[in-house]
Structure formats: structure tokens, C-alpha cells
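Protein chains: 2
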Amino acid sequence: MKSSGPRARRDRNAFSNALKRGLYEAIFRRRDIRQFTPDPIPDEVLARILIAAHHAASVGFTQPWDFIIVRDPERRRRVKEIFEAERAKNAAQFTGARRKKFLSLKLEGILEAPLNVIVTCKPDRFGPGVLGKTSIREVEIYSACLAVENLWLAARVEGIGVGWVSILRNDALAEIFGIPGDVIPVAYLCIGYVSEFPDRPILATAEWASRLPPRTLIHFDSWNGRKSTDPLKTAAHDLKSTIDDPSIWRAIFPADSIDEPPSRD
Amino acid sequence: MKSSGPRARRDRNAFSNALKRGLYEAIFRRRDIRQFTPDPIPDEVLARILIAAHHAASVGFTQPWDFIIVRDPERRRRVKEIFEAERAKNAAQFTGARRKKFLSLKLEGILEAPLNVIVTCKPDRFGPGVLGKTSIREVEIYSACLAVENLWLAARVEGIGVGWVSILRNDALAEIFGIPGDVIPVAYLCIGYVSEFPDRPILATAEWASRLPPRTLIHFDSWNGRKSTDPLKTAAHDLKSTIDDPSIWRAIFPADSIDEPPSRD
Numbered sequence: 055m056k057s058s059g060p061r062a063r064r065d066r067n068a069f070s071n072a073l074k075r076g077l078y079e080a081i082f083r084r085r086d087i088r089q090f091t092p093d094p095i096p097d098e099v100l101a102r103i104l105i106a107a108h109h110a111a112s113v114g115f116t117q118p119w120d121f122i123i124v125r126d127p128e129r130r131r132r133v134k135e136i137f138e139a140e141r142a143k144n145a146a147q148f149t150g151a152r153r154k155k156f157l158s159l160k161l162e163g164i165l166e167a168p169l170n171v172i173v174t175c176k177p178d179r180f181g182p183g184v185l186g187k188t189s190i191r192e193v194e195i196y197s198a199c200l201a202v203e204n205l206w207l208a209a210r211v212e213g214i215g216v217g218w219v220s221i222l223r224n225d226a227l228a229e230i231f232g233i234p235g236d237v238i239p240v241a242y243l244c245i246g247y248v249s250e251f252p253d254r255p256i257l258a259t260a261e262w263a264s265r266l267p268p269r270t271l272i273h274f275d276s277w278n279g280r281k282s283t284d285p286l287k288t289a290a291h292d293l294k295s296t297i298d299d300p301s302i303w304r305a306i307f308p309a310d311s312i313d314e315p316p317s318r319d
Numbered sequence: 055m056k057s058s059g060p061r062a063r064r065d066r067n068a069f070s071n072a073l074k075r076g077l078y079e080a081i082f083r084r085r086d087i088r089q090f091t092p093d094p095i096p097d098e099v100l101a102r103i104l105i106a107a108h109h110a111a112s113v114g115f116t117q118p119w120d121f122i123i124v125r126d127p128e129r130r131r132r133v134k135e136i137f138e139a140e141r142a143k144n145a146a147q148f149t150g151a152r153r154k155k156f157l158s159l160k161l162e163g164i165l166e167a168p169l170n171v172i173v174t175c176k177p178d179r180f181g182p183g184v185l186g187k188t189s190i191r192e193v194e195i196y197s198a199c200l201a202v203e204n205l206w207l208a209a210r211v212e213g214i215g216v217g218w219v220s221i222l223r224n225d226a227l228a229e230i231f232g233i234p235g236d237v238i239p240v241a242y243l244c245i246g247y248v249s250e251f252p253d254r255p256i257l258a259t260a261e262w263a264s265r266l267p268p269r270t271l272i273h274f275d276s277w278n279g280r281k282s283t284d285p286l287k288t289a290a291h292d293l294k295s296t297i298d299d300p301s302i303w304r305a306i307f308p309a310d311s312i313d314e315p316p317s318r319d
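Residue numbers (the numbering used here), protein chains in the order written: chain A, 55 to 319; chain B, 55 to 319.
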């Protein structure tokens, strides 16, 4: 009887705690990296990372992504120039101490990283009809972003850092890399080994921004939540308490395990 | 000496094969799900999934996402109506046997799933200056997509299915859920336990689309690749051979392990 109860039914498809931990460690230890060692990435490792990216969810199973592997130093120098010009524009958005801090931050590793990878999106890859694309026209670009997160997590478990350089211009990227007009550059990534993965996001350590408490990002049934007279208000309260409770990680990161549970900063 | 060689230096930050496997299994076994059991999701599990989403990469550490947890059946019925109208538009993109097949597919579980979750994006959350946002204006939306992939993978290890319903209208979602004008609905997700995760993507089994061979998505140094006289052409060839080689997974999914390595279909 026990094995057919709701809990057993629920847990049937769950991973073991050991396998869950592999995913959650990847998620908590992933960082935006801007400093790389020159060690080359073996083909075997790069292949696994790209296959992981290719197994992201995609609207209508369109798999709209392509991957341009960039080793050419000359093209990278041109990208770096674009970056520098855009960075000056970005700096102009800030004033005073904030601008000073912005200018002190290293924001990319375009030339130092052993590899740059461009993830693109080709809408309507299989023709103009796309299952899942009607009024929301950007869905295939969203899919390409999902592939980027898979790539990022796979790189992390392989000990490889990834940094997304968004301070660029797509028209310039299209020109430098011969990207056709119907293909959209989505992510320009610097990829390589790192001396050490920082415990906390670089922008948190630099006191540029802080991790928001997750409870502040949760809404119930509508943006403004439920009325306080509503019985579902209690359910909302319960979830917000649970999200702050470190014991929800105990089974996955047992205290007696060799490694510490990763900091969730 | 050995431990300071390039390989040891590279592998220093890599996860163990057992932990790597947790991530890769999540990636290969994740599916777009449209059929759910009514079992409720415990708060502890939902909390872990939302924390995983919240630990995605974000441009300038802006964390632009919010999560609207939708239980209200009345609002869901209104979403389902929008879906039905958009689905008719989507069907009109296809003709003949293709349209027939489209109409035979179940594309959502809006009413059956115990939970719907809307992931939104609030650009300029901390003011108009955003580190990393210059010419490419959509970067925060891209970040919200990264959070969706984290959520999807975390749900998978917890034994929970996720389906992204993109056949909707954002203006309708904004109205139904009181989403402010400066917040963009990015993903409407159905979330719940499933009887069984299919081995292959539902749209592959339905012969709507096939997994593209990853080697066809890889370009070297430019969209049209390198000239055949170029020495780097060999490097490209090597990576394309490696990506097809199943032995690159052997250490992570050993043949004598209890479970089979997941199908990568």
C-alpha cells in the first residue's frame, strides 16, 4: 500500500539526493567569469558542453541555436574594440562613485579566454510556421537563451568559467562573423579555465548589487497578491517561510558530507 | 610535479564524475510536459525550484525576474481561453496533414497542472543605468529566460514536469494578473508531477520535428567557417568527430552503473 501512496507516486520520477546535488551545486556554484587561464579546452570537454546546450528546451522543438566557435585572434581584437566603445556608453549611464566603480570592474575576457563562443538564433529555421509562435514573436530567441544556461552549467561542472559579454553591438558582430541577416546573435561568451571560482558573484563582492531575498520576488495569483482576507493568503505565507528555511536543503547537502553545502550568495 | 601539470590545473575546479552526472542527467532527461497528475507540490520542493531559478545568471546581477504562483482556477480558465484563440491562429500556419497533426497534439496543461507559474522581467529594476545594457536592449529578458531553464532543470531532478505555454498574448496576461506596464511576461509555465517522463521529446515521438545532429550547428570563426586551406580547418574537423563519439560520456555514465546513460534523443 505504502508504495502506491501520493508521496511514493510523487517521488517515482525524482532523482536520488546524490544526483540532485550535482544539479544544485552546478546552479549555486556557477559564476559570471571574466578572468581565465590560457589552458586550452580539450575537444571532449567542449563537445559535452555544446551537446548540453543543444539539449535545452526549444519552442516547437525548433532548436534555433547555432554555435560559432571563435579562436581567431584578429576577429576577437575587432570584438574587443566594439566592446570598448560600448563600455564608454555604459559608463556614461552612471555618475560619481558609481561610475568610478563601474570603470574599475573587469567585464570581459575576450582576448585572454582560450575560446569565445557566439550563440545565435535562426527564427523560422524549418519554415514560417512554428508550433508555439503566434503573438509572442521572440519565443525562439528565448529558446536560444535556455541553451546558454545549459552551456553555462555544463561548463561549471567541467571546471570551466563562462562570461557573457553583452556590452556589444549586434550589427558589428554580424559583420565581423559573416552572420546572415536572418540570424540573430544572442550571446557572446568568453569560455576558459579559471584559477578559482569565486564563492560569491563578482558584482556582489564588488558591492555593485546584492542578491535579492527570494521571498520578495514571489507573488500569488496576481502581481499584487491576494487580499489579506483570502484563505489562500496563508498558503502564500507558508511558501515564503519555507523559502527562507535552510533545512529544505538538508537531505541534498547533508551536514556530514565531505564538502560544505555551497553558499547561496 | 604531476599535480601541478596543465591537466591537474584544469581539473582542479571540475566536479566529480558523480556530481557531473547529476547535471547531465537533468539536462538529458528534461522534457516539455503537457500532462500532469493532480498531486500537489510540497512547499519545500517548490521553494528549492524557485531558489534554483533565482540563482540564474543575470546581466549586471540585476535579477530582473519575478514569479507569479498561480493557483486560482478562475484566472487559469481565462488563460485557457486566450490559449484556445491563439492556438487557432497557430493552426492556420499549417496545411493538410501538418495541420491535422498540429491539432492532434496536446500543447498545455493549464487547468490540470496543480500550479502555473509566470516568470516576468522587470527591466531597469534598480534604475535606468544597467551594467551590461547598452545597444542590446533585451539583455534583462534574456536573463529571465536563463532563470526559466534553471527552474526547469531543478523541477526535473525533483520529479516534476514543466511545460512552457507560448501560445498566449502578453497583453491578456498583463490584464488577467494585474502585471504593471513596465513588467514583461516572459514565460507561462505549467508545473506538476507526471506519471512518467517520456524518453524522447514529445514532438520527436509525434514526428513533428527531429533532434538536429549537433555537428551541423557548429561553425568555426565565422558563419561560413574557415577555408579548406586553413590549418584551423583540422581543428574544426576534430571537434565535429568528437561530438559524435559516445565514448566522451563513458567516465560520467559508466557502463556498469545501475542506470543506463540517458538517451540523448
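For glycine and all other residues, C-beta sits at the position ideal for the given N, C-alpha and C.
Residue A:R210 holds the alpha-carbon nearest to the alpha-carbon of L77 (chain A) among A:I238, A:D292, A:S295, A:R210. In the three-state scheme derived from DSSP, where H, G and I count as helix and E and B as strand, V193 (chain B) is classed as helix.
Annotation for F180 (chain B): no beta strand (DSSP E) segment contains it, and DSSP assigns it neither H nor E.
By the criterion of at least three beta-carbon pairs nearer than 8 Å, the stretch 104 to 120 of chain A is in contact with the stretch 193 to 207 of chain A.
Looking at the DSSP output, A241 (chain A) shares a beta bridge with A:V173. Contact between the stretch 175 to 187 of chain A and the stretch 260 to 267 of chain A is absent: fewer than three C-beta pairs spanning the two stretches fall below 8 Å. Neighbours of V202 (chain A) in chain B, taken as residues at a C-beta separation under 9 Å, are given in chain order as A111, Y196, C199, L200, E203. Its Cα nearest to that of D86 (chain B), the residue A:A111 stands out among A:I81, A:D225, A:A111.
The distance from the Cβ of R141 (chain B) to that of D275 (chain A) is about 24 Å, inconsistent with a contact at the 8 Å cut-off. Burial check for A241 (chain B): the Cβ neighbour count within 10 Å reaches 16 or more, so the residue is buried.
In the three-state scheme derived from DSSP, where H, G and I count as helix and E and B as strand, V216 (chain A) is classed as strand. Around the beta carbon of T188 (chain B), 16 or more other beta carbons lie within 10 angstroms, which makes this residue buried.
Contact annotation, V173 (chain A) with W119 (chain A): C-beta distance approximately 6 Å; criterion of less than 8 Å satisfied.
Fully contained in the stretch 83 to 156 of chain A are the following beta strand (DSSP E) runs of length 3 or more, in chain order: 119 to 124. Those residues of the stretch 57 to 71 of chain B placed with their C-beta closer than 8 Å to a C-beta in chain A are P60, R63, R64, D65, R66, N67, A68, F69, ordered along the chain. Each residue's CA atom was taken as its position, placing T296 (chain B) and A62 (chain B) some 22 Å apart. I230 (chain A) is a Cβ neighbour of R129 (chain A), given a cutoff of 8 Å. Distance from the CA of K176 (chain B) to the CA of D236 (chain B), rounded to the nearest whole angstrom, comes to 6 Å. For H291 (chain B), no CB of chain A lies under 8 Å from its own CB, so it is not counted at the interface with that chain. DSSP lists B:I122 as the bridge partner or partners of H273 (chain A). Scanning its chain for C-beta atoms nearer than 7 Å, with the 5 sequence neighbours on each side dropped, one finds around P268 (chain A) the residues I297, in chain order. Look at T188 (chain A): its C-beta is under 8 Å from a C-beta on chain B.
Here DSSP, grouped into helix, strand and coil, assigns G246 (chain A) to strand.
The beta carbon of S158 (chain A) does not come within 8 Å of any beta carbon belonging to chain B, so the residue lies off that interface.
In the structure shown, S264 (chain A) adopts coil according to DSSP, grouped into three states. The beta carbon of K134 (chain A) is closer than 7 Å to those of I164, L165 in its chain, skipping five residues each way along the sequence. For R66 (chain A), no alpha helix (DSSP H) encloses it, and the DSSP letter there is neither H nor E. When Cβ-Cβ separations below 8 Å define contact, K154 (chain A) makes no contact with chain B. Membership of T188 (chain A) in any alpha helix (DSSP H) is not indicated, and neither H nor E is assigned to it by DSSP. In the DSSP assignment, E229 (chain B) falls within the unbroken alpha helix (DSSP H) covering 224 to 231.
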